[in-house]
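*Asks:* For the sequence shown, the positions run 3 to 189 when this note's numbering is used. Mind looking over this structure? Questions follow.
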Amino acid sequence: MKNTNDTNVLSKNTKKTGVSASMAKSPFHKLFVDGLKDIYWAEKHLVKELPKMSKNATSEELKSAIDGHLEETKGHVERLESVFENLGLKPQAKKCEAMAGLTKEAAEIMEETESDTMVRDCGIIMAAQKVEHYEIATYGCLTEWAKQMGHREAAKLLYATLEEEKAADQKLTDVAENDINEEGMEE
Ligand code: ZN
Ligand code: FE
Ligand code: FE
């Protein structure tokens, strides 16, 4: 029987984590773990990228929305580390091309708009909401898959992050509607 390193780690931890060797080898479980690696990379990347977006924002409301979510995002990285540990795995990141692209798009918007304008803030909000929507889709699936496979603790952790991503998205909508869109149009 072929014995990969991953399987070794998992079978040693079977008692503690409840991940059986057969489940660890299932294609569905592999898809789940690959999804975790992808979003782990994405969250760590966002910890570096969100400060650039905040720095480029003009309105205090938008800056504080982004800064607040930066702190939450650091928590998302830690939660994912707990999820990996819970599954008996070492946290591992795999480049998320989608998040790399979304943050590249944010950088382009910031280059192509004038500094200190509400138009730039509108652009930053759109870029940030695209990021949140990617995360919401990811955590929504990962939470359901974790539940499906009986990883209850992992499902709880992933759900907690899902709720924070949804709240961050709503907060950006509120900032746009209350503070920024109208001014952007009048510039
Ligand atoms: Zn996040
Ligand atoms: Fe991805
Ligand atoms: Fe987020």
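Cβ coordinates follow ideal geometry from the N, Cα and C atoms, glycine included.
Using a threshold of 6 Å, is the CB atom of GLU51 nearer than that to any non-hydrogen atom of ligand 4?
*Replies:* Ligands present in the displayed structure are limited to ligand 1, ligand 2 and ligand 3, and ligand 4 is not among them.
*Asks:* Helix, strand or coil: which one does DSSP assign to ASP118?
*Replies:* Coil.
*Asks:* Please confirm whether ALA157 and THR145 have their CB atoms less than 7 Å apart.
*Replies:* Going by C-beta atoms, ALA157 is nearer than 7 Å to THR145.
*Asks:* Report yes or no: do the segment 147–164 and the segment 121–131 share at least 3 C-beta pairs separated by less than 8 Å?
*Replies:* No, the segment 147–164 is not in contact with the segment 121–131.
*Asks:* Could you tell me whether any non-hydrogen atom of ligand 3 is closer than 6 Å to the CB of ALA67?
*Replies:* For ligand 3, not one heavy atom lies less than 6 Å from the Cβ of ALA67.
*Asks:* Helix, strand or coil for GLN150, going by three-state DSSP, please let me know.
*Replies:* Helix, per DSSP.
*Asks:* Within its chain, find whatever has a CB closer than 8 Å to the CB of LYS76; leave out the 5 residues flanking it on each side and keep chain order.
*Replies:* Excluding residues within five positions, the ones whose Cβ falls inside 8 Å are VAL49.
*Asks:* Expressed to the nearest angstrom, what Euclidean distance is found between the alpha-carbon atoms of LYS17 and ASN88?
*Replies:* Interpretation of LYS17 is limited by its pLDDT of 44, a score under 50 that renders its predicted location unreliable; the figure taken from the coordinates is listed afterwards. Taking the straight line from one Cα to the other gives about 11 Å.
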